[in-house]
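The structure appears below as structure tokens.
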Amino acid sequence: MLVITGSRLARDHIERRHGFDTIMSNEFPELEVLPSVEGLDDPQRLFELLPKVFAPHPDICAIYSSAAGNQGLVRFLEENGLGSKLTVIGHELTEVSRRALENGTFDAVISQDTGHLVRSSVRLLRARIDGVPHDPSQELIRIDIFIKENMPRIGEETAG
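In terms of the working numbering, the sequence shown opens at residue 1377 and continues consecutively.
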């Protein structure tokens, strides 16, 4: 299995990799998980890195991409006929990942409600500046897992 990260130094990417490794070692210890490929959220960089990763590991059966740069990943998979041969999980429902779900290149997308994330950040900053308490239950950020069959129509992603 291959893990793609934007940065090995970004806290969210570190936490995603840690969570992934915990599940994989507990639930699927028979699967080898390769070291993270750092794409720096650059589609072209990722597109150029992937052949170098696959050359010594042609038996890669799945990819977990916790990063941006999905355009480079999708392009690599489609140009090499791998889209439907691998299990691919990406992050954030964007135009690129939506298309990848629709055509079967991606199997699932983990997506945060970015609108809620922004609103929550502003509320927390405002509460701190004003020195007033905030409601922690209001700041729980929803995480959705989309597959082709439950993907929201365009414009519905941030409703919530």
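Here a beta-carbon is modelled for each residue, glycine too, at the ideal position from N, C-alpha and C.
A quick note: this is a predicted structure, and the numbers were derived from the prediction, not measured.
Asked: Mind checking who Ala1438 pairs with in its DSSP beta bridge?; Found: Thr1463
Asked: Helix, strand or coil: which one does DSSP assign to Leu1422?; Found: helix
Asked: Rounded to whole angstroms, what is the Cα-Cα separation between Lys1524 and Leu1458?; Found: 18 angstroms
Asked: Please state whether the Cβ-Cβ distance between Phe1522 and Leu1493 is less than 9 angstroms.; Found: no
Asked: Quick check: the Cα distance between Gly1466 and Arg1504, rounded to an integer number of angstroms?; Found: 34 angstroms
Asked: Shortest alpha-carbon distance to Leu1422 belongs to which of Arg1518, Phe1404, Cys1437, Ser1441?; Found: Ser1441
Asked: What residue range does the beta strand (DSSP E) around Phe1404 cover?; Found: Careful: Phe1404 lies outside any beta strand (DSSP E) and carries neither H nor E.
Asked: Give the straight-line distance between the Cα atoms of Asn1332 and Glu1391, rounded to the nearest whole angstrom.; Found: This structure cannot settle anything about residue 1332, because the visible part of the chain is limited to 1377 through 1536.
Asked: What are the start and end residues of the beta strand (DSSP E) that includes Asp1520?; Found: 1519-1522
Asked: Determine the direct distance from the alpha carbon of Arg1393 to that of Leu1385, and round the result to whole angstroms.; Found: 11 angstroms
Asked: Can you look up Thr1398 in the DSSP assignment and give me helix, strand or coil?; Found: helix
Asked: Below 6 angstroms CB to CB, which residues in the same chain sit around Ile1519 once its five sequence neighbours on both sides are set aside?; Found: Gln1488
Asked: Between which two residues does the alpha helix (DSSP H) containing Thr1490 stretch?; Found: 1490-1506
Asked: Starting from Leu1378 and walking both ways along the alpha helix (DSSP H), at which residues does that stretch end?; Found: First-last for Leu1378: 1378-1381, but that is the beta strand (DSSP E), not the alpha helix (DSSP H).
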